[in-house]
Amino acid sequence: FLLGYNDFGHFAWRVVNTWEGRGFLMETPSLPAFWDHFNPGLALLAPLWGLWPDARLFFVIQAVCLALPALLVYAIARRLGGTSAAAAAWAAAYLLYPALGQLNVNCSYGWHPVSLALPLMFAALAALLCGWRAAACAACVLACSFKEDVFIALACLSLVMAFQAWRDRGRDGDARPGIAALADRLPWWGWLAAFAVFLAAFAAVFVFSPFSRYQVGRFTRLGSSFGEVLLSPVLRPGVFWGTLLRPESAYFLLALMVPLGLKPLKRGWLVLAAAAPPLGVLLAWGNGPATSIAFQYTTTLIPILFLAAMAGAASPAGEPPGRVETTASPAFAARLWVAGVAAVAACAVASTWFGAMPWTRFTFRDVLHQTYGDEYRRGAIDD
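In the numbering used here, the protein residues as written are 540 to 922.
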């Protein structure tokens, strides 16, 4: 399985040790739990290991976590007002999305606790669109238990929804398309409260979990403390902006966005803005895997990107999302279907080049290079 990176092994080992009573999510006695990431939800996998103590369990979990959101994408598109055909097109686009194909094939690094958060984030969106607030809250809490990144992604999404709900206050929210269909599920102050809760939870986890020193240490180019890293655009502008504006950053962003359609994403700019802070961190980090879709760092961004594309497709050109038309409009239904079919075609074509699908050219060199370094360059590992 080319298990060069240790993520597969050390996260699986924590599950094994928990089940066998050697310590709660303990990887090794020399390291505390959560030394690198906050993922208490991993303990939920321990009983599954008891039923099937085989490494293939984690490959099955990975496959389920990556495939299951297709059904949820279908449900979200339907709740946004799409026809069954339009919803099926968006579900197919999800399965063909190049970044998803890379996560599926790249088992040496792609299996990560954050993979379990992917269907939960989609489930939270679908549940909220159905009006199931308690179920959405439960899905968010569970998703946050698999990696600290989820707190930030959900906080950013809550903030942009608060702005949309505040902008639409006093309007009739029935059957309105686009972003408003989601924003109307809570009052603006409810979204703002959710933002505050997610942000406060992340701050508490960051302060009291051992991973904070490790994670800040990965950004030593930008500063020696969390405050310095946060202020690096001002304190170290040459390093920060020089890293952020590399050509590799543009290629990475295009690989994420072009397959979903730049026009729908432009119309869904408000939702897309929720992805800006996490993307900024990845781009400014200067780490090769962080700006490669072959690694797990894009996982929490996928629900935001798909929501932005679907909500944008449901919004008329030249108008703020959710301000014009209702979901009963024939133009609305046609627009969402056309955008979905275009996304299917674009994702299929893009995955031919870098999506790690069965028909794709060999795209594993980036992973092999990052994983095995000199050993791969010497030819010790063949394609």
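We put the beta carbon where it would ideally sit given N, CA and C, even for glycine. Only a predicted model underlies this, so the values are computations on that prediction, with no experimental measurement involved.
Simplified DSSP assignment, three categories, for residue i
{"i": "A895", "result": "coil"}
{"i": "I843", "result": "helix"}
{"i": "M849", "result": "helix"}
{"i": "I718", "result": "helix"}
{"i": "R561", "result": "coil"}
{"i": "S654", "result": "helix"}
{"i": "L583", "result": "helix"}
{"i": "A885", "result": "helix"}
{"i": "I832", "result": "coil"}
{"i": "S890", "result": "helix"}
{"i": "P803", "result": "helix"}
{"i": "W574", "result": "coil"}
{"i": "L900", "result": "The sequence shown places Arg at residue 900, rather than the Leu named in the question. If DSSP states are grouped into helix, strand and coil, R900 belongs with coil."}
{"i": "W876", "result": "helix"}
{"i": "F661", "result": "helix"}
{"i": "T838", "result": "coil"}
{"i": "W591", "result": "coil"}
{"i": "G620", "result": "coil"}
Residue burial classification, residue i (beta-carbon count within 10 angstroms, cutoff 16)
{"i": "P493", "result": "Limits of the chain in this structure are 540 at one end and 922 at the other, which puts residue 493 out of reach."}
{"i": "R561", "result": "exposed"}
{"i": "V773", "result": "exposed"}
{"i": "G589", "result": "exposed"}
{"i": "D593", "result": "exposed"}
{"i": "R553", "result": "buried"}
{"i": "E559", "result": "exposed"}
{"i": "R752", "result": "exposed"}
{"i": "F901", "result": "exposed"}
{"i": "G781", "result": "exposed"}
{"i": "G640", "result": "buried"}
{"i": "T759", "result": "exposed"}
{"i": "L570", "result": "exposed"}
{"i": "G861", "result": "Residue confidence for G861 is low, a pLDDT of 42 falling below 50, so the modelled location carries little weight and cannot support an answer."}
{"i": "V603", "result": "exposed"}
{"i": "L804", "result": "buried"}
{"i": "R724", "result": "buried"}
{"i": "G777", "result": "exposed"}
{"i": "V746", "result": "exposed"}
{"i": "L769", "result": "exposed"}
{"i": "A852", "result": "buried"}
{"i": "G756", "result": "exposed"}
{"i": "L597", "result": "According to the sequence as given, residue 597 is Phe; it is not Leu. With 16 or more other Cβ atoms within 10 Å, it is buried."}
{"i": "F661", "result": "buried"}
{"i": "V599", "result": "exposed"}
{"i": "W650", "result": "buried"}
{"i": "S748", "result": "buried"}
{"i": "S764", "result": "exposed"}
{"i": "G670", "result": "exposed"}
{"i": "G766", "result": "exposed"}
{"i": "F547", "result": "buried"}
{"i": "T891", "result": "exposed"}
{"i": "P786", "result": "exposed"}
Alpha helix (DSSP H) segment containing residue i, residue limits
{"i": "D688", "result": "688–706"}
{"i": "S623", "result": "623–635"}
{"i": "W558", "result": "546–558"}
{"i": "G670", "result": "Per DSSP, G670 belongs to no alpha helix (DSSP H) and is neither H nor E."}
{"i": "L818", "result": "815–824"}
{"i": "L809", "result": "808–811"}
{"i": "A602", "result": "595–606"}
Near the ligand ATP: residue i beta-carbon under 8 angstroms from a heavy atom
{"i": "R672", "result": "Questions concerning the ligand ATP fall outside what the structure shown contains, since it holds no ligand whatsoever."}
Evaluate the contact criterion for the region 873–885 versus the region 620–633: three or more CB pairs, one atom per stretch, below 8 angstroms. yes
Segments of 4+ residues assigned as alpha helix (DSSP H) that fall wholly inside the region 715–799: 718–722, 727–747, 750–756, 765–769, 771–774, 776–783, 786–796
Evaluate the contact criterion for the region 665–682 versus the region 606–618: three or more CB pairs, one atom per stretch, below 8 angstroms. yes
Say whether the region 688–700 touches the region 738–747, bearing in mind that this needs 3 or more beta-carbon pairs closer than 8 angstroms, one atom from each stretch. yes
Between the region 796–814 and the region 840–852, are three or more C-beta pairs nearer than 8 angstroms? yes
Segment contact flag, the region 676–683 with the region 623–639, C-beta cutoff 8 angstroms, min 3 pairs: no
Is the region 696–709 touching the region 823–831, taking contact as three or more C-beta pairs under 8 angstroms? no
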